[in-house]
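Engineer: In the working numbering, the protein residues as written are 9 to 247. Let me begin by handing over the structure; questions about it come next.
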């Protein structure tokens, strides 16, 4: 697929037009302007280096899938080469750690893996994901992490990924994707792993009772949704 480049006219026009909005940083007006230019100049004008086509031939068990939530694309935005793009149809392939773009709307079947090296962050719905690549943490898994502000200058980063398991059912080869998670906490300007109770207690020794109570009261949530359990626990500790 050919490389997609932004036409010079795009920069000239948007530079002139946005002079009227300099008092508002990424306001709704500014977002509307970006969307207008993207829509009227076409997707070929966007500054995406066209990545490979996104292909998915998975035959899965019980509608299981490789994506963050489902196979459905949602409205989102990306920061690509330092520039923001809004109202894009995006999905997140957590098995391959790829952002997937549907460039021509819901009616088109074209899907593209956006080149990861040029992405600073992206949003799907209200959830923001950033790239973490080099942290001094044992067994650190690099890639996209959801960024969740906890408060008191504390942030938790959640890595969603999936492992593939092959299954033979009724002489048909199927796959099952098993959700996995990694949790990193930024506290006092230091990154630490928070993948289990022991690591959390080490970072919050004065909150041992609150941590134990939360584990006791929310055992079901821990089993059903470990990511939500961990985010809620850290918010509870810092409340």
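Note that the Cβ used here is the ideal one computed from N, Cα and C, for glycine as well.
Within the same chain, show all residues whose beta-carbon is closer than 6 Å to that of residue 184, passing over the 5 residues directly before and after it, in chain order.
Structural biologist: Counting from one through the chain shown, the residue named residue 184 turns up at place 176. Residues of the same chain with a CB within less than 6 Å of the CB of residue 184, apart from the 5 flanking positions on each side, are 69, 72, 173, 175 in chain order.
Engineer: Which one or two residues does DSSP pair with residue 252 in a beta bridge?
Structural biologist: Look at the range of the chain in this structure, 9 to 247, and you will see that residue 252 is not part of it.
Engineer: State the CB to CB distance for the pair residue 84 and residue 123, rounded to an integer number of angstroms; the pair is presumed to be in contact (CB under 8 Å).
Structural biologist: Reading the chain shown from its first residue, position 76 is the one you call residue 84. Reading the chain shown from its first residue, position 115 is the one you call residue 123. Wrong, their Cβ atoms sit about 17 Å apart, outside the cutoff.
Engineer: Using the Cβ count rule (16 or more neighbours within 10 Å means buried), how would you classify residue 188?
Structural biologist: Residue 188 sits at position 180 when you count from the first residue of the chain shown. Label assigned to residue 188: exposed.
Engineer: So is residue 167 buried or exposed if we call it buried at 16+ other beta carbons inside 10 Å?
Structural biologist: Your numbering for residue 167 matches position 159 in the chain shown. Label assigned to residue 167: buried.
Engineer: Where does residue 190 fall in DSSP's three states?
Structural biologist: Counted from its first residue, the chain shown places residue 190 at position 182. Residue 190 falls in the strand class under three-state DSSP.
Engineer: Going straight from the alpha carbon of residue 86 to that of residue 132, what length do you get?
Structural biologist: The residue you call residue 86 lines up with position 78 of the chain shown. The residue you call residue 132 lines up with position 124 of the chain shown. Rounded to whole angstroms, residue 86 to residue 132 spans 9 Å at the Cα level.
Engineer: Is it the case that the Cβ atoms of residue 137 and residue 130 are separated by a distance below 8 Å?
Structural biologist: Sequence index remark: in the chain shown, residue 137 carries index 129 (1-based). Sequence index remark: in the chain shown, residue 130 carries index 122 (1-based). Going by C-beta atoms, residue 137 is nearer than 8 Å to residue 130.
Engineer: Name the residue from 109, 104, 91 whose alpha carbon lies nearest to the alpha carbon of residue 258.
Structural biologist: No answer is possible for residue 258: it lies beyond the span of the chain, which begins at 9 and ends at 247.
Engineer: Along the chain, where does the alpha helix (DSSP H) containing residue 220 start, and where does it finish?
Structural biologist: On the chain shown, position 212 is the one that residue 220 refers to. Where residue 220 is concerned, the enclosing alpha helix (DSSP H) stretches over 216 to 225.
Engineer: Which term fits residue 237, buried or exposed, when burial requires 16 or more other beta carbons within 10 angstroms of its beta carbon?
Structural biologist: Here residue 237 refers to the residue found at position 229 of the chain shown. That one is buried.
Engineer: Check this for me: beta carbons of residue 158 and residue 243, under 8 Å apart or not?
Structural biologist: In the chain shown, counting from the first residue as 1, residue 158 sits at position 150. In the chain shown, counting from the first residue as 1, residue 243 sits at position 235. Going by C-beta atoms, residue 158 is nearer than 8 Å to residue 243.
Engineer: With H, G and I counted as helix, E and B as strand and the rest as coil, what does DSSP make of residue 11?
Structural biologist: The sequence position of residue 11 within the chain shown is 3, counting from 1. Only weak support is given to the placement of residue 11: the predicted model assigns it a pLDDT of 40, under 50, and the question is left unresolved by the model.
Engineer: Quick one: measure Cβ to Cβ for residue 102 and residue 153, integer angstroms, because I've assumed they're closer than 8 Å.
Structural biologist: Against the chain shown, residue 102 aligns to sequence position 94. Against the chain shown, residue 153 aligns to sequence position 145. Not really, about 11 Å apart at Cβ, beyond 8 Å.
Engineer: Just list the beta strand (DSSP E) runs in the region 118 to 187, keeping only unbroken ones of 3 residues or longer that don't cross its boundaries, in chain order.
Structural biologist: 127 to 132, 135 to 140, 151 to 159, 162 to 177
Engineer: Can you name the start and end residues of the beta strand (DSSP E) that residue 106 belongs to?
Structural biologist: On the chain shown, residue 106 is found 98 positions in, with the first residue counted as 1. Start and end: 106 to 109.
Engineer: Roughly how many angstroms lie between the CA atoms of residue 150 and residue 226, to the nearest whole one?
Structural biologist: Taking the chain shown and counting its residues from 1, the one referred to as residue 150 is at position 142. Taking the chain shown and counting its residues from 1, the one referred to as residue 226 is at position 218. Going from the Cα of residue 150 to the Cα of residue 226 covers about 29 Å.
Engineer: Where does residue 245 fall in DSSP's three states?
Structural biologist: Along the chain shown, read from residue 1 onward, the residue named residue 245 stands at position 237. Helix at residue 245.
Engineer: DSSP state of residue 1, grouped into three classes?
Structural biologist: Outside the shown range of the chain (9 to 247) lies residue 1, about which nothing can therefore be said.
Engineer: Classify residue 63 as helix, strand or coil using the three-state DSSP reduction.
Structural biologist: Residue numbering aside, residue 63 sits at position 55 when the chain shown is read from its first letter. Residue state, collapsed to three classes: coil.
Engineer: In angstroms with no decimal places, state the Cα-to-Cα distance between residue 194 and residue 79.
Structural biologist: On the chain shown, position 186 is the one that residue 194 refers to. On the chain shown, position 71 is the one that residue 79 refers to. Whole-angstrom Cα-Cα distance: 31 Å.
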